[in-house]
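**Q** Before I ask anything, here is the structure I am working with.
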Amino acid sequence: MESIEQTFSGQADFGRRVTCTISRNGDLAYRTYLQVTLPEINQSMKGSSGAVYARWLDFVGEQLIAQVEVEIGGQRIDRQYGDWMHIWNQVTMSSEQQRGYFKMIGNTTQLTYITDPTFANVSGPCAASGGPSQVCAPRNALPETTLYVPLLFWFCRNPGLALPLIALKSVGQKSIQPKVSEQCFRENLLWSRDNEYCQSQMLVSCY
Numbered sequence: 001m002e003s004i005e006q007t008f009s010g011q012a013d014f015g016r017r018v019t020c021t022i023s024r025n026g027d028l029a030y031r032t033y034l035q036v037t038l039p040e041i042n043q044s045m046k047g048s049s050g051a052v053y054a055r056w057l058d059f060v061g062e063q064l065i066a067q068v069e070v071e072i073g074g075q076r077i078d079r080q081y082g083d084w085m086h087i088w089n090q091v092t093m094s095s096e097q098q099r100g101y102f103k104m105i106g107n108t109t110q111l112t113y114i115t116d117p118t119f120a121n122v123s124g125p126c127a128a129s130g131g132p133s134q135v136c137a138p139r140n141a142l143p144e145t146t147l148y149v150p151l152l153f154w155f156c157r158n159p160g161l162a163l164p165l166i167a168l169k170s171v172g173q174k175s176i177q178p179k180v181s182e183q184c185f186r187e188n189l190l191w192s193r194d195n196e197y198c199q200s201q202m203l204v205s206c207y
């Protein structure tokens, strides 16, 4: 089975709705993933008056999706929300599955623990739970990171429900509406729209 990239029309960014048309390069549409590249957040942000202490929210891959839907022939067939995806995965996944899934959607210490530009000692979650010190090591920036968010449409659940693209009279479409950046990101300084990380656009593809 081959994964084929589908590109969205228009520039994908926080708060913008984008659409991609599913090509007929394959016979079936089965497991579908949203590929998102988060921009780097560093200390050279334009307009900052001091050190930047920042982090992405927990489960950022799910948090950034306001809604995602499938249309066939101009009719909406399925719509899902990031909050629903989070609840569903919390109640259906085993702990072993969650470990791999969390890495895919960016729920890692590298993205969700706050940056500490001064490299001072921080009393974070690891210290409270007795975790190794290097896990909570202070960092100067949040790195550019690519996420792979599994979508949960009906045809993604098992091979018997795969969508036969060759049988469709009209080409299907996927639409995604990311949340605005303030709903996915936390930092402790007042910011403005002139900051570089607000101008940095996330890159989105669908597989």
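Throughout the sequence shown, residue numbering follows the UniProt record's numbering, covering 1 to 207 in sequence.
Yeah, the Cβ is synthetic: ideal placement off N, Cα and C, and Gly gets one too.
Within the 8 Å Cβ cut-off, does M104 reach chain C?
**A** No chain C is part of this structure, which consists of one protein chain only.
**Q** State the Cα-Cα distance for the pair Q63 and N25, rounded to the nearest angstrom.
**A** The alpha-carbon atoms of Q63 and N25 are separated by roughly 31 Å.
**Q** Which of the three DSSP states is assigned to L161 in this structure?
**A** Helix at L161.
**Q** If you drop the 5 nearest sequence neighbours on each side, which residues of the same chain put their C-beta closer than 6 Å to that of I77?
**A** Cβ neighbours of I77 beyond the five flanking positions: V70.
**Q** Would G106 and T145 qualify as a contact pair, given that the criterion is a beta-carbon distance under 8 Å?
**A** For G106 and T145, yes; Cβs fall inside 8 Å.
**Q** To the nearest angstrom, how far is it from the Cα of F59 to the Cα of A29?
**A** If you take the alpha carbons of F59 and A29, they lie about 26 Å apart.
**Q** Could you pull out every residue in the same chain whose Cβ sits closer than 7 Å to the Cβ of H86, ignoring the five residues on either side in sequence?
**A** Once the five neighbours on either side are set aside, the close Cβ partners of H86 are F59, E62.
**Q** Could you give the distance in angstroms between the alpha-carbon of residue 247 and the alpha-carbon of I114?
**A** With the chain covering only 1 through 207, there is no way to say anything about residue 247.
**Q** Return the first residue and the last residue of the beta strand (DSSP E) that L34 is part of.
**A** Element bounds for L34: 33-38.
**Q** Look at the alpha carbon of Q6 and the alpha carbon of P150, and state the distance between them as a whole number of angstroms.
**A** Answer to the nearest angstrom: the Cα atoms are 14 Å apart.
**Q** So the alpha helix (DSSP H) E96 belongs to, where does it begin and stop?
**A** Run containing E96: 95-105, per the alpha helix (DSSP H) assignment.
**Q** Cα-Cα, which of T32, S23, T21, T19 is closest to A162?
**A** Nearest of T32, S23, T21, T19 to A162, Cα basis: T32.
**Q** Between the alpha carbons of S94 and F155, how many angstroms are there, rounded?
**A** C-alpha separation (whole angstroms): 22 Å.
**Q** For my contact list, L142 and I41 are in at a C-beta cut-off of 8 Å; report their separation, rounded to the angstrom.
**A** Right, the Cβ-Cβ distance comes to about 4 Å (below 8 Å), so this counts as a contact.
**Q** With respect to the alpha helix (DSSP H) encompassing E71, which residues constitute its N-terminal and C-terminal limits?
**A** No alpha helix (DSSP H) holds E71; the beta strand (DSSP E) holding it covers 65-72.
**Q** If W56 and T92 are in contact, beta carbons under 8 Å, what's the gap, nearest whole angstrom?
**A** About 24 Å separates the two Cβ atoms, so there is no contact after all.
**Q** If you follow the alpha helix (DSSP H) that D83 is in, where does it begin and where does it stop?
**A** Note, D83: alpha helix (DSSP H), 82-92.
**Q** Under the three-state reduction of DSSP, which class applies to A167: helix, strand or coil?
**A** Residue state, collapsed to three classes: helix.
**Q** Quick one: Cα of L165 to Cα of Y53, how far?
**A** Looking at the two C-alpha atoms, the distance is approximately 47 Å.
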